[in-house]
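**Student:**
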Amino acid sequence: MAAVVHRLPGPGLLAHRDGIRAVYAAAFAEPPWNADPGEADVYLARLTDDVRRPGFTGAVALDGEKVLGFATAWTSATPLPGSRSYPRVTAALGPERTAAWLCGGLEVDELAVMPGAHGLGLGRTLLEAVTRDAPDGRSWLLTSTQADATVRFYERLGWRQATHPAPQGYATAVFLGPHHPARTATVPPL
Numbered sequence: 001m002a003a004v005v006h007r008l009p010g011p012g013l014l015a016h017r018d019g020i021r022a023v024y025a026a027a028f029a030e031p032p033w034n035a036d037p038g039e040a041d042v043y044l045a046r047l048t049d050d051v052r053r054p055g056f057t058g059a060v061a062l063d064g065e066k067v068l069g070f071a072t073a074w075t076s077a078t079p080l081p082g083s084r085s086y087p088r089v090t091a092a093l094g095p096e097r098t099a100a101w102l103c104g105g106l107e108v109d110e111l112a113v114m115p116g117a118h119g120l121g122l123g124r125t126l127l128e129a130v131t132r133d134a135p136d137g138r139s140w141l142l143t144s145t146q147a148d149a150t151v152r153f154y155e156r157l158g159w160r161q162a163t164h165p166a167p168q169g170y171a172t173a174v175f176l177g178p179h180h181p182a183r184t185a186t187v188p189p190l
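Per full-length UniProt numbering, residue 1 is the first one in the sequence shown, and the count goes up by one each step.
#1: Can you check whether the CB of Ala-27 is closer than 8 Å to the CB of Val-112?
#2: If you check the beta carbons only, do Thr-98 and Val-108 fall under 8 Å apart?
#3: When we look at the beta-carbon of Gly-69 and count the other beta-carbons within 10 Å, is it buried (16 or more) or exposed?
#4: Measuring alpha carbon to alpha carbon, tell me which residue in Leu-157, Ala-147, Ala-182, Ala-129 is nearest Val-5.
#5: From which residue to which residue does the beta strand (DSSP E) around Arg-61 run?
#6: Hey, how far is the Cα of Glu-30 from the Cα of Arg-132?
#7: Leaving out the 5 sequence neighbours to the left and right, which residues in its chain are closer than 7 Å to Trp-146 when beta-carbon positions are compared?
#8: How would you label Ala-185, buried or exposed, when you count the other beta carbons within 10 angstroms and need 16 or more for buried?
#9: Go to Val-51, then tell me how far its alpha helix (DSSP H) extends in each direction, as first and last residue.
#10: In the DSSP assignment, what are the bridge partners of Gly-69?
#11: Roughly how many whole angstroms lie between the Cα atoms of Ala-117 and Thr-150?
#12: Which runs of the beta strand (DSSP E), 3 residues or longer, sit entirely within the stretch 90-143?
#13: Go through its chain and collect everything with a Cβ distance to Leu-80's Cβ below 7 Å, but skip five positions before and after it.
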C-alpha cells in the first residue's frame, strides 16, 4: 500500500464521501462502538454541515482513489454548545477549565482508519494533518475509555487524558493534545 495523506478543505473532503462512509462503517462496527452501517449515513449527513464550522479542516488517506482513512477537526465554540457530549465535558472539567482549555481550541471530531490499514502510520499522519495549526497548540478530543487500543494509540502520540470517563454510564473522556499548554497543568485525569 502506498497511501498518501491529503489535508483538504470541507468541499474537497466531501468529494470523498463514499470512501469516508465505507471507512466510518468499517472502523466503528466493532466494540466498543458497535455502530450499524446506517450510522455511517448519519455521519455523512452531519459532515455535510460540519464542513461549514469555523476553523474546519479535514484530511484523507488515499491509496490511489481508495480512501483508507480520514480525520476532521474544527475550532471549538465559545462557550461549548449544550448538545452532543459537551454538557458532560463541561461537568467533568468545570466551566473555568472548559473555557480556558477547550473553547477556541481545535477539537478533533473524528479519526478513522480502515481496519486492514492499521499499523501503517495513517492514524498518526491524519491526526497530525488536522492538528498542526491548533491555536497555541490547544488541540483536544473525546474518546471512549472502553476503546483500549484507541486510548493506547493517543497516549503513544503524547495525548493525555484530562478527565475521568463521564458519569451516568458514559465512557467518554477528554484528551489534550501533545502541545496543549494545559496538558501538564494538573495530573490528569481530573
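Even glycine gets a Cβ: it sits at the ideal position worked out from N, Cα and C.
**Tutor:** Once the coordinates are examined:
#1: First, the residue type needs correcting, since residue 112 is Ala and not Val in the sequence shown. Yes, the pair counts as a contact, with Cβ atoms nearer than the cut-off.
#2: Pairing Thr-98 with Val-108 gives a Cβ-Cβ distance that is not under 8 Å.
#3: Buried is the call here.
#4: For the options Leu-157, Ala-147, Ala-182, Ala-129, the alpha carbon positioned closest to that of Val-5 is the one of Ala-129.
#5: Note that residue 61 is Ala in the sequence shown, not Arg. It spans 57-63 - the beta strand (DSSP E) in which Ala-61 sits, taken as one unbroken run.
#6: Computed Cα separation, rounded: 29 Å.
#7: In the sequence as displayed, the identity of residue 146 is Gln instead of Trp. If we look at Gln-146 and ignore the five residues flanking it on each side, its Cβ neighbours are Pro-32, Ala-171.
#8: The residue in question, Ala-185, is exposed, as its Cβ has fewer than 16 Cβ neighbours within 10 Å.
#9: The continuous stretches of alpha helix (DSSP H) do not include Val-51, and DSSP gives it neither H nor E.
#10: In the DSSP output, where bridge partners are listed per residue, Gly-69 has Ala-61, Val-113.
#11: Between Ala-117 and Thr-150, the alpha-carbon positions lie close to 15 Å from each other.
#12: Within the stretch 90-143, the complete beta strand (DSSP E) runs of at least 3 residues fall at 106-113.
#13: Hits under 7 Å: Tyr-86, Val-89, Thr-90, Thr-98, Leu-102, Cys-103.
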